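Notes for the one structure printed next.
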Amino acid sequence: MNIILLGPPGAGKGTQAQRLVEKHGMRQLSTGDMLRAAVKAGTPTGLEAKAVMERGELVSDAIVSALIGDELDAMGPEAGAIFDGYPRTEAQAESLDSILEARDRKLDHVIELDVNEDALVERITGRFTCATCGKGYHDTFEKPHVEGTCDKCGGHEFKRRPDDNAETVRTRMAEYRAKTAPILPVYEARGIVSKVDGMADMDDVTAAIEAILAR
Ligand code: AP5
Ligand code: MG
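Here full-length UniProt numbering is used: position 144 in the sequence shown is 144, and no number is missing along the way.
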């Protein structure tokens, strides 16, 4: 199965993708995570992407589509793919069609996380992750069970994203509205979009997604 999780910054794409990975052994293809890894490693892609990401703008279509193609090739044909943060423009949506077709994959569901943008700034500015295993947390909504210790790997170091400040979040939201939201009608016309209430509790969001996948 191949699915897209679509929604603005902080909608819960990464949170829900991690849960699907754990439960179904699907693979999470997050272009944001891939770009952050490239920035950290100092690759040419990372050098090009760093300043763009810090401003909250979109990295070029060619770069992210190449990352997605490479990642699909690396994971082999059996595992299902969860596209998290990709596609984000009409050009990327067209590229994804060709990328999937060339690998005999088809898109099963586009799950739109429907959220109230005003609440997202709090979600994003409170977010942190384990520096060792990447598990996501939140200052208010999802704290580690033992303060300072990762539930998943026992690590003690945590980190925050440089683009998770109120000003950059506003640019990221504007980019979503201008360039990403317009791709929804393309998928609606194919009858594969399901809307989920992304403001519900995390577990309820997960249950709603599971119900869609079980259809
Ligand atoms: P990316 O990493 O994709 O960031 P984003 O789209 O801005 O989304 P986030 O990761 O911020 O949010 P999320 O929906 O994953 O929310 P999360 O689950 O963490 O992209 C970053 C940058 O990279 C872009 O700005 C761009 O520059 C570049 N880029 C990436 N892909 C690109 C592409 N395809 N093309 C061009 N450029 C690209 O949840 C947020 C917080 O809320 C967490 O703390 C979580 O615990 C909490 N939370 C989640 N769900 C709930 C809930 N139901 N209730 C309460 N709290 C919740
Ligand atoms: Mg994310």
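For each residue, glycine too, the CB sits at the ideal point set by N, CA and C. For clarity, every value in this text was computed on a predicted model and none was experimentally measured.
Roughly how many whole angstroms lie between the Cα atoms of residue 174 and residue 41? Translated into positions along the sequence shown, residue 174 becomes position 174. Translated into positions along the sequence shown, residue 41 becomes position 41. Roughly 29 Å between the two C-alpha positions.
Range covered by the alpha helix (DSSP H) that runs through residue 168: The residue you call residue 168 lines up with position 168 of the sequence shown. Secondary structure note for residue 168: its alpha helix (DSSP H) is the uninterrupted segment 166 to 175.
Put residue 218 into one of helix, strand or coil per three-state DSSP. Examination of residue 218 is not possible in this model, given that the chain is present from 1 through 215 alone.
Roughly how many whole angstroms lie between the Cα atoms of residue 123 and residue 142? Position 123 of the sequence shown holds residue 123. Position 142 of the sequence shown holds residue 142. Going by the C-alpha atoms only, they are around 10 Å apart.
Can you tell me where the alpha helix (DSSP H) holding residue 24 begins and where it ends? The residue given as residue 24 occupies position 24 in the sequence shown. First-last of the alpha helix (DSSP H) with residue 24: 13 to 24.
Which residues count as close to the ligand MG when the rule is a CB under 7 Å from any of its heavy atoms, in chain order? Spelled out in chain order, the answer is 13, 14, 30, 32, 84, 85.
Pull up the distance between the alpha-carbon of residue 72 and that of residue 204, whole angstroms please. Residue numbering aside, residue 72 sits at position 72 when the sequence shown is read from its first letter. Residue numbering aside, residue 204 sits at position 204 when the sequence shown is read from its first letter. Straight-line measurement puts the Cα of residue 204 at about 29 Å from the Cα of residue 72.
Considering only the beta carbon of each residue, do residue 157 and residue 131 sit closer than 8 Å? Reading the sequence shown from its first residue, position 157 is the one you call residue 157. Reading the sequence shown from its first residue, position 131 is the one you call residue 131. At the C-beta level, residue 157 and residue 131 come within 8 Å of one another.
For residue 133, I'd like the list of residues in its chain whose CB is within less than 6 Å of its CB, leaving aside the five on either flank, ordered along the chain. For this step, residue 133 is matched to residue 133 along the sequence shown. Counting only Cβ-Cβ distances below 6 Å, and skipping sequence neighbours, we find 152, 153.
CB of residue 198 within 8 Å of CB of residue 25, strictly: By 1-based counting over the sequence shown, the position of residue 198 is 198. By 1-based counting over the sequence shown, the position of residue 25 is 25. No, the Cβ-Cβ distance between residue 198 and residue 25 is not below 8 Å.
Quick one, are the C-beta atoms of residue 16 and residue 6 less than 8 Å apart? Taking the sequence shown and counting its residues from 1, one reaches residue 16 at position 16. Taking the sequence shown and counting its residues from 1, one reaches residue 6 at position 6. Their beta carbons are not under 8 Å apart, which means residue 16 does not touch residue 6 by this criterion.
Neighbour-count burial assignment, residue 2, 16 or more Cβ in a 10 Å radius: Working through the sequence shown from its first residue, we reach residue 2 at position 2. That one is buried.
Proximity to residue 187 [Cα-Cα], best of 108, 116, 21: Mapped onto the sequence shown, residue 187 falls at position 187. Residue 187 has its Cα closest to that of 108, out of 108, 116, 21.
May I have the straight-line CA-CA distance separating residue 176 from residue 82, to the nearest angstrom? On the sequence shown, position 176 is the one that residue 176 refers to. On the sequence shown, position 82 is the one that residue 82 refers to. Residue 176 and residue 82: Cα-Cα distance of roughly 19 Å.
Quick one: measure Cβ to Cβ for residue 9 and residue 90, integer angstroms, because I've assumed they're closer than 8 Å. To locate residue 9, count along the sequence shown from 1; it is residue 9. To locate residue 90, count along the sequence shown from 1; it is residue 90. Your pair residue 9 and residue 90 does not check out as a contact, with CB atoms roughly 19 Å apart and the cut at 8 Å.
Which word fits residue 87, buried or exposed, when buried means at least 16 other C-beta atoms lie within 10 angstroms of its C-beta? Position 87 of the sequence shown, counting from 1, holds the residue named residue 87. It counts as buried.
Could you give the C-beta distance for residue 212 and residue 110, rounded to a whole number, given that I count them as a contact under 8 Å? Walking along the sequence shown from the start, residue 212 turns up at place 212. Walking along the sequence shown from the start, residue 110 turns up at place 110. Contact between residue 212 and residue 110 is absent: CB atoms are separated by about 10 Å, not below the 8 Å threshold.
Shorter than 7 Å, the distance from the beta carbon of residue 137 to the closest heavy atom of the ligand AP5, or not? Working through the sequence shown from its first residue, we reach residue 137 at position 137. Residue 137 Cβ: within cutoff of the ligand AP5.
In three-state DSSP terms, what is residue 131? Locating residue 131 in the sequence shown gives position 131, where the first residue counts as 1. DSSP places residue 131 in coil when its eight states are reduced to three.
Using DSSP with H/G/I as helix, E/B as strand and the rest coil, what is residue 147? Along the sequence shown, one-based indexing puts residue 147 at 147. In this structure, residue 147 counts as coil in the three-state DSSP scheme.
Spatial neighbours of residue 84 in its chain, beta-carbon cut-off 7 Å, leaving aside the 5 residues before and after: Start at 1 with the first residue of the sequence shown, and residue 84 comes out as number 84. Non-local beta-carbon contacts of residue 84 in its own chain, meaning distances under 7 Å to residues more than five positions away in sequence, involve 5, 13, 14, 17, 28, 29, 30 in chain order.
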